[in-house]
């Protein structure tokens with residue numbers, strides 16, 4: 021990730037306002053994908069080992085459904101494996117947090133056919149906290165960013181994103197800029213200039 025958000029890449033998304041630019045587009049850290057995929061990879065390893073041990077021997081004949089049943093069961097297991105891999109990938113890849121010059125958009129894939137999208141204007145941010153828990157998050161510099169609004173229950177969480185301290189700093193600068201702009205506007209209203 022480029023730590024200088026002035027050199028921002030050009031991102032576009034549906035619902036982007038014409039007067040806003042994308043500053044950060046975040047997904048979970050790559051190591052989180054490795055963790056999510058590990059059980060499925062281990063399961064595939066078991067299938068491959070079973071095929072290597074049983075597939076070429078006479079043990080396959082002792083399988084209750086015979087040789088054809090063994091290969092059918094193996095094919096069904098591989099189909100479930102592909103399905104599990106697809107679901108894991110969708111849940112990993114479709115969780116996106118977008119920080120623009122005007123707001124923060126939280127797109128979270130809850131389940132395969134369930135997605136929550138919420139947004140928050142920078143001026144409504146009260147506090148931004150980072151949380152790095154564990155050995156690998158500390159070593160690889162990823163963690164959670166909690167964004168607290170004025171509402172007690174409304175809290176945005178950027179889960180397991182790279183460089184959480186940098187993300188916090190960018191959001192706090194944008195929040196300060198929005199607050200300063202709001203105070204300037206209120207001052208103009210009070211002075212009768214708007």
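Numbering (the numbering used here), first residue to last: 21 to 214. Glycine residues also receive a C-beta, built at the ideal position from the N, C-alpha and C atoms.
Residues of its chain near residue i, where Cβ-Cβ distance is below 6 angstroms and the 5 sequence neighbours each way are ignored
| i | result |
| --- | --- |
| residue 113 | none |
| residue 53 | 112 |
| residue 39 | none |
DSSP state of residue i mapped onto helix, strand, coil
| i | result |
| --- | --- |
| residue 154 | coil |
| residue 147 | strand |
| residue 123 | strand |
| residue 47 | coil |
| residue 140 | strand |
| residue 162 | strand |
| residue 40 | coil |
| residue 211 | coil |
| residue 84 | coil |
Own chain, CB closer than 8 angstroms to residue i, minus 5 neighbours either side, in chain order
| i | result |
| --- | --- |
| residue 181 | 46, 47, 48, 49, 117, 162, 163, 164, 165 and 187 |
| residue 197 | 142 |
| residue 175 | 166, 167, 168 and 169 |
| residue 185 | 150 |
| residue 8 | The structure shown does not extend to residue 8, since the chain is modelled only from 21 to 214, so the question has no answer here. |
Proximity of residue i and residue j at Cβ, strictly below 7 angstroms
| i | j | result |
| --- | --- | --- |
| residue 160 | residue 51 | yes |
| residue 106 | residue 60 | no |
| residue 177 | residue 145 | no |
| residue 136 | residue 123 | no |
| residue 56 | residue 108 | yes |
Residue burial classification, residue i (beta-carbon count within 10 angstroms, cutoff 16)
| i | result |
| --- | --- |
| residue 119 | buried |
| residue 210 | exposed |
| residue 227 | Only positions 21 to 214 of the chain appear in this structure, which leaves residue 227 out of reach. |
| residue 22 | Because residue 22 carries a pLDDT of 46, less than 50, the predicted location of this residue cannot be relied on, and no value is offered for it. |
| residue 155 | exposed |
| residue 179 | buried |
Neighbourhood of residue i by C-beta distance below 7 angstroms, restricted to the same chain and skipping five residues each side
| i | result |
| --- | --- |
| residue 13 | One cannot answer for residue 13 here, as it falls past the ends of the chain, which runs 21 to 214. |
Query raised in the report: Can at least three beta-carbon pairs, one atom from the region 65–72 and one from the region 141–150, be found at a separation below 8 angstroms?
Result: By the Cβ criterion, the region 65–72 is not in contact with the region 141–150, since fewer than three pairs of Cβ atoms, one from each stretch, lie closer than 8 angstroms.
Query raised in the report: Using 8 angstroms as the threshold, is the region 112–128 in touch with the region 88–103, meaning 3 or more CB pairs across them?
Result: no
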